[in-house]
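The numbers in full-length UniProt numbering rise by one with no breaks, and the one at position 84 of the sequence shown is 84.
See below for the structure under consideration.
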Amino acid sequence: MGAFRLLFVLGEGGMGRVYLARSPGGRTVALKRVRAGMAGAAGFRARFAREVRACQSVSGRGTAPVVAAEPHAAVPWLATAYVPGPSLAEAVHEYGPLDGPTLWRLLGGLGEALTAVHRAGLVHRDLKPSNVLLALDGPRLIDFGIARAADDIGLTGTGLVVGSPGFMSPEQVAGKEVDERSDVFALGVLLAYAATGRNPFGSAAGPELGYRLVHHEPDLTALPEAFAEAIRDCFAKDPAQRPSPAELVARAGAHAAAGPDWLPAPLTAAVARQAAWVLDLESRQEFGPPPTPFGSQPHPGQPVPQSQLPPAPYQPAAPQSRRPAPPLTGIAWATRGPLGRPLLGLVALVPLFVMAAGRDAVDAQLRSPDPDLTPASPGWESYQWALDTTWHFSLIGPLLIAAVTLHVLRRRLAARSTAAVRRWAGTSVAYWLLLSLTVLVSAGWLRSALWAVDGSNKPPALELTLGFGLLPLALLVPVALVVIVLAVVRAFRFRQRIPGRRPTGC
């Protein structure tokens, strides 16, 4: 490809395929070939040429400089300095979320990189974990420039989405014009992912995730508190309310910065092995395949001549074991499952409300001397404590209000503090316990009413109340017992899953 010899396929994305390549002088680069479909689009080459010139002017810290390009070749390509190191996506997948000074270094480094990109008149438009490389001297932002060229010629209208689901700004999702502030929103999502291993807007499918990006607030409860506050305004729906990358750099600088070994020890060792392999490759004519400590194997396609590929893939001497995904915390844990959805309580509250409304009539019939209504069991009066209509209404009314209130607050938890999330979780536990106990008490009343009378001419009020309550309560009693157990377990665990304050590590 030009003067470069293609060695290995490093990866592939929507814009094209990336190769590890070497110049005649032995310099190692990452060379990206644009997809043929994009290259053939009217106006793409001219726009791409302008973007390449702009990219070549980007020379700030935290970027991979462009070293060569051929925008007018049969297949346009772009070569940047090769950065030995995993992508943020690979690092989090293999070693788990980042923390402490590493997060602040990531914030400061990417803020500096975006400042340089924006100064050159570029908007990245596809800021995501796979476009951030973790080098020994700091994070590097890659793959800027091509997305703007694709967007400007209208390739989004042909089915190519410029941007990655889950890492797009609200205006980008809505198809509106985007500028540098769109990158700031995407940076906030990326940093929350780095700190937790999860997208702060959840893991729903494309349309649902897009809706959340536009209308919901992110879940930042699992982030270190100081770090969450530093990036919270990146998620402002109004672009004018978002901070500039320079402001984010200043915020990162106010915290203790990581030293030269800014990455966790296992990551540092893996990056060092890959860097050593590249240095050795540049000094030799013959070469072996790169180490793959991050789980990313070469692409199975055959764009590189087979004679240039090694006979067998390299097996690391001591492969790193993958860390399991971190447990759910914060809002994700508090709102998961049936107990995280208070409106499900209406399944019990509706029949309870109807039964309570008919209790006066039932109680009067049970105490009447009507010969058609004879006691079926002399022990029915032992349940008299459950027949107090006022007492029953005093629970069902607040429970109904609590169900609606908790549901409304649930939709707004992302914008609340960790303490507010803890209060919501504790209140929801109390709500489910009280509702379940009310179901059991009402089941006792129903049992007493069924035992209390034996007659073929039961009054309509009695027939309606007993008939309407019999089947629902028969089904709800075992459910209520299970809910009580789950609520008690949840009560003991929610302080652990929703910590009040987390150490920031700096």
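All C-beta atoms, glycine included, are put in the ideal place defined by N, C-alpha and C.
Given the structure is predicted, the values throughout are model-derived calculations rather than measurements.
- prompt: Should PHE167 be labelled buried (16 or more other beta-carbon atoms within 10 Å of its own) or exposed?
  reply: Position 167 of the sequence shown, counted from the first residue, corresponds to residue 167. When all chains shown are included, PHE167 counts as buried.
query: What whole-angstrom Cβ distance do ARG181 and PRO239 have, given they're in contact under 8 angstroms?
result: Looking up residue 181 in the sequence shown gives position 181. Looking up residue 239 in the sequence shown gives position 239. Right, their Cβ atoms sit about 4 angstroms apart.
- prompt: Where does ALA68 land, buried or exposed, given buried means 16+ other C-beta within 10 angstroms?
  reply: Here residue 68 refers to the residue found at position 68 when the sequence shown is read from its first residue. It is buried - the Cβ of ALA68 has at least 16 other Cβ atoms within 10 Å.
query: CA-CA distance, VAL354 and ALA425?
result: As a first step, residue 354 must be located in the sequence shown, where it is residue number 354. As a first step, residue 425 must be located in the sequence shown, where it is residue number 425. The straight-line gap from Cα to Cα measures roughly 29 angstroms.
query: Using the rule of at least 16 other Cβ atoms within 10 Å of the residue's Cβ for burial, across every protein chain shown, is VAL18 buried or exposed?
result: Position 18 of the sequence shown, counted from the start, is the residue given in the question as residue 18. Its Cβ being crowded by 16 or more others within 10 Å, VAL18 is buried.
query: Where does ALA64 land, buried or exposed, given buried means 16+ other C-beta within 10 angstroms?
result: Walking along the sequence shown from the start, residue 64 turns up at place 64. Buried, since its Cβ has 16 or more Cβ neighbours within 10 Å.
message: So, with DSSP's three-state summary, where would you put THR221?
response: The residue labelled residue 221 in the question sits at position 221 within the sequence shown. The answer is coil: DSSP assigns THR221 none of H, G, I, E or B.
- prompt: Is the segment 76-87 close to the segment 260-275, with three or more CB pairs under 8 angstroms?
  reply: yes
field: Runs of beta strand (DSSP E) lying entirely within the segment 70-121, each at least 3 residues, in chain order
entry: 77-81
field: Cβ pair residue 517, VAL173 closer than 7 angstroms
entry: With the chain running from 1 to 506 in the structure shown, residue 517 is simply not present.
field: Selection from ARG35, ALA113, LEU433 that minimises the alpha carbon distance to SER244
entry: As a first step, residue 244 must be located in the sequence shown, where it is residue number 244. That would be ALA113, whose Cα lies nearest to the Cα of SER244.
field: Buried versus exposed, by CB contacts within 10 Å (16 or more), ALA150
entry: As a working note, residue 150 is residue 150 in the sequence shown. A caution first: ALA150 carries a pLDDT of 45, below 50, which makes its placement in the model unreliable, though a value can still be read off. Burial call: buried.
message: For LEU190, which residues in the same chain have their Cβ closer than 8 angstroms to its Cβ, ignoring the five residues on either side in sequence?
response: For the purposes of this step, residue 190 is taken as the residue at position 190 of the sequence shown. Cβ neighbours of LEU190 beyond the five flanking positions: LEU88, LEU110, LEU127, LYS128, PRO129, VAL132, PHE167.
task: Please go through the same chain and pick out, in chain order, the residues whose beta-carbon is closer than 6 angstroms to the beta-carbon of THR196, but skip the five residues on each side of it.
output: Position 196 of the sequence shown, counted from the start, is the residue given in the question as residue 196. Contacts found: PRO97, ALA222.
query: In the DSSP assignment, what residue or residues form a beta bridge with VAL483?
result: Mapped onto the sequence shown, residue 483 falls at position 483. None; VAL483 has no bridge partner.
- prompt: Along the chain, where does the beta strand (DSSP E) that runs through THR196 open and close?
  reply: Counting from 1 along the sequence shown, the entry for residue 196 is found at position 196. Not the beta strand (DSSP E): THR196 falls in the alpha helix (DSSP H), residues 180-196.
query: Helix, strand or coil: which one does DSSP assign to ALA54?
result: The sequence position of residue 54 within the sequence shown is 54, counting from 1. Looking at ALA54 - three-state DSSP - the assignment turns out to be helix.
field: Which of helix, strand or coil DSSP assigns to GLY11
entry: As a first step, residue 11 is located in the sequence shown; it is residue number 11 there, counting from the start. Here GLY11 sits in strand by DSSP.
message: Looking at the secondary structure, which residues open and close the beta strand (DSSP E) in which PRO139 lies?
response: Here residue 139 refers to the residue found at position 139 of the sequence shown. First-last of the beta strand (DSSP E) with PRO139: 138-141.
query: Which term fits VAL492, buried or exposed, when burial requires 16 or more other beta carbons within 10 angstroms of its beta carbon?
result: To locate residue 492, count along the sequence shown from 1; it is residue 492. The question names Val, but residue 492 is Phe in the sequence shown. Exposed, since its Cβ has fewer than 16 Cβ neighbours within 10 Å.
field: Cβ-based burial, LYS176 [other Cβ within 10 Å; buried from 16]
entry: As a position in the sequence shown, residue 176 is number 176, starting the count at 1. Its Cβ having fewer than 16 others within 10 Å, LYS176 is exposed.
field: Integer Cβ distance of LEU263 from LEU107, believed to fall under 8 angstroms
entry: Residue 263 sits at position 263 when you count from the first residue of the sequence shown. Residue 107 sits at position 107 when you count from the first residue of the sequence shown. With 8 angstroms as the limit, LEU263 and LEU107 do not qualify as a contact, their Cβ atoms being about 15 angstroms apart.
LEU31 versus ARG45, GLY40, LEU7, ARG125, residue with shortest Cα-Cα distance: On the sequence shown, residue 31 is found 31 positions in, with the first residue counted as 1. Considering only alpha carbons, the answer is LEU7.
query: Are the Cβ atoms of TRP104 and ARG33 separated by less than 7 angstroms?
result: Position 104 of the sequence shown, counting from 1, holds the residue named residue 104. Position 33 of the sequence shown, counting from 1, holds the residue named residue 33. No; because the gap between Cβ atoms is not below 7 angstroms, this pair is not in contact.
task: Starting from LEU346, follow the alpha helix (DSSP H) in both directions and report where the run begins and ends.
output: Locating residue 346 in the sequence shown gives position 346, counting from the first residue. Here the alpha helix (DSSP H) through LEU346 covers 346-357.
field: CB of ALA54 within 7 angstroms of CB of GLY138, strictly
entry: Here residue 54 corresponds to residue number 54 of the sequence shown, with the count starting at 1. Here residue 138 corresponds to residue number 138 of the sequence shown, with the count starting at 1. Their beta carbons are not under 7 angstroms apart, which means ALA54 does not touch GLY138 by this criterion.
query: Should HIS72 be labelled buried (16 or more other beta-carbon atoms within 10 Å of its own) or exposed?
result: Translated into the one-based positions of the sequence shown, residue 72 becomes position 72. Burial call: exposed.
field: Simplified DSSP state of ARG411, which is helix, strand or coil
entry: Residue mapping note: residue 411 aligns to position 411 of the sequence shown, counting from 1. Looking at ARG411 - three-state DSSP - the assignment turns out to be coil, as it is neither helix nor strand.
message: Within the continuous alpha helix (DSSP H) that includes ALA36, where are the two ends?
response: Mapped onto the sequence shown, residue 36 falls at position 36. That run of the alpha helix (DSSP H) goes 36-39.
- prompt: How should PRO472 be labelled, buried or exposed, when 16 other C-beta atoms within 10 angstroms of its C-beta is the threshold for buried?
  reply: Position 472 of the sequence shown, counted from the start, is the residue given in the question as residue 472. Per the 10 Å Cβ criterion, buried.
- prompt: Cα-Cα, which of GLU12, GLY37, ARG212 is closest to PRO165?
  reply: As a first step, residue 165 must be located in the sequence shown, where it is residue number 165. Selected option, being the one with the closest Cα: ARG212.
- prompt: Which residue's Cα is closest to the Cα of MET1: GLU70, ARG45, GLY26?
  reply: The residue you call residue 1 lines up with position 1 of the sequence shown. That would be GLU70, whose Cα lies nearest to the Cα of MET1.
query: How is the alpha helix (DSSP H) around ARG251 delimited, first residue to last?
result: Taking the sequence shown and counting its residues from 1, one reaches residue 251 at position 251. Looking at the DSSP string, the run of the alpha helix (DSSP H) that includes ARG251 is 245-253.
message: Assuming LEU433 and ALA357 are in contact, meaning their beta carbons sit under 8 angstroms apart, how far apart are those beta carbons, in whole angstroms?
response: Reading the sequence shown from its first residue, position 433 is the one you call residue 433. Reading the sequence shown from its first residue, position 357 is the one you call residue 357. Going by Cβ atoms, the distance from LEU433 to ALA357 rounds to 24 angstroms, so no, they are not a contact pair.
field: Inter-residue spacing [alpha-carbon to alpha-carbon] between TYR431 and ARG119
entry: Stepping through the sequence shown from its first residue, residue 431 is reached at position 431. Stepping through the sequence shown from its first residue, residue 119 is reached at position 119. The straight-line gap from Cα to Cα measures roughly 54 angstroms.
field: VAL184 and ARG242 closer than 7 angstroms at C-beta
entry: Here the question's residue 184 lines up with position 184 in the sequence shown. Here the question's residue 242 lines up with position 242 in the sequence shown. Contact flag set, yes.
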